[in-house]
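In this text, residue positions in the sequence shown follow my numbering: the first is 3, and each later residue adds one.
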Amino acid sequence: MSFRLETARLALRAWRAEDAAPFLAMCCDPRVMEFLGFLQGPADIDAALARQAGFQDRHGYCFWAVERREDSAFLGFCGLKPGAEGTPLEGRIEIGWRLAHHAWGQGYAREAARASLDWGFQELPAEAIWAMTVPGNVRSWGLMERLGMRRVRDLDFDHPALAESDPLRPHIVYVADRTRD
């Protein structure tokens with residue numbers, strides 16, 4: 003059975019082949035990718051979708067596709083995955099999201115992230131779920147704070163996958179505890 007988690011307006015679901023084109027369009031938008039590094043091409047999208055399918059198969063969760071229930075429009079992704087190797091999130095559960103620009107400012111990211119956190123704490127034995135972003139990504143860490151996550155300054159780090167000269171190398175870390183309000 004395919005994964006599907008519904009909220010009032012959204013469905014977080016397993017990825018489909020037809021998601022590749024709108025996902026690629028989203029990842030070629032400089033506004034969406036401003037704090038994520040480079041614009042992505044078809045090979046990057048194929049690799050990302052394969053990684054997410056592997057996470058879902060191995061762990062039962064991934065960064066799921068997000069669609070609007072009203073019209074089944076692809077909005078982006080949100081969900082949980084294993085934390086990246088070589089970072090303070092390694093061995094922990096990471097929450098993440100990325101939405102197409104047309105979906106910004108409508109509360110979709112918060113709705114999807116809240117559902118992902120709730121699902122994670124209901125279905126997984128984790129005591130905490132973690133997130134990371136770059137300091138300049140105010141929209142992302144602002145959402146983390148609106149979700150009740152707290153900053154863990156001791157875990158801030160330079161991302162090992164980025165060059166020392168890359169301005170996106172510094173990352174900040176947030177956590178949601180199972181006992182959060």
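Yeah, the Cβ is synthetic: ideal placement off N, Cα and C, and Gly gets one too. On a predicted model such as this, the values are computed, not experimentally measured, just so you know.
Euclidean distance between Cα positions of residue i and residue j
i, j, result
"Ala55", "Arg171", "27 Å"
"Glu125", "Trp143", "25 Å"
"Ala45", "Thr9", "31 Å"
"Val175", "Ala130", "12 Å"
"Ala75", "Arg116", "20 Å"
"Gly88", "Leu149", "26 Å"
"Asp183", "Asp120", "At Asp183, the pLDDT of 45 sits below 50, so the modelled position is not reliable and the matter cannot be decided from this model."
"Arg152", "Ala165", "27 Å"
"Thr181", "Pro137", "26 Å"
"Arg185", "Asp48", "Because the chain spans 3 through 183 in this model, residue 185 falls outside it and cannot be assessed."
"Arg155", "Leu12", "32 Å"
"Val177", "Arg112", "15 Å"
"Arg141", "His161", "19 Å"
"His61", "Lys83", "8 Å"
"Glu36", "Ala163", "17 Å"
"Pro169", "Glu72", "39 Å"
"Ala114", "Gly81", "8 Å"
"Ala23", "Asn139", "25 Å"
"Leu7", "Thr135", "25 Å"
"Gly107", "Leu145", "11 Å"
"Arg53", "Gly43", "16 Å"
"Phe159", "Asp179", "20 Å"
Proximal residues to residue i (C-beta, below 7 Å), its chain only, five neighbours per side dropped
i, result
"Val34", "Met28, Arg100, Ala102 and His103"
"Leu77", "Val68, Glu69, Arg70, Leu101, Ala102, Ala105 and Tyr110"
"Glu92", "Gly85 and Ala86"
"Phe79", "Phe65, Trp66, Ala67, Val68, Trp99 and Arg100"
Residues near residue i by beta carbon distance below 6 Å, same chain, minus five either side
i, result
"Cys30", "Leu41"
"Gln58", "Cys64"
"Glu147", "none"
Beta-carbon separation (whole angstroms), residue i vs residue j, contact threshold 8 Å
i, j, result
"Phe25", "Arg15", "Actually they do not touch by this definition, with Cβ atoms about 13 Å apart."
"Ala128", "Gly98", "About 15 Å separates the two Cβ atoms, so there is no contact after all."
"Leu157", "Pro90", "4 Å"
Which residues DSSP lists as bridging residue i, in chain order
i, result
"Pro169", "Per DSSP, none; premise fails for Pro169."
"Trp143", "Paired residue(s): none; Trp143 is not in a bridge."
"Val177", "Trp132 and Arg152"
Cutoff 8 Å; reference residue i; Cβ partners in own chain excluding five residues on either side
i, result
"Asp21", "Leu51, Ala67 and Phe76"
"Pro32", "Leu41"
"Gly122", "Tyr63, Leu82, Ile95, Ile97, Ala128 and Ile131"
"Ser167", "none"
Residue ranges of each alpha helix (DSSP H) within the segment 31-118, 4 or longer = 32-35 and 44-61, all fully within the segment 31-118.
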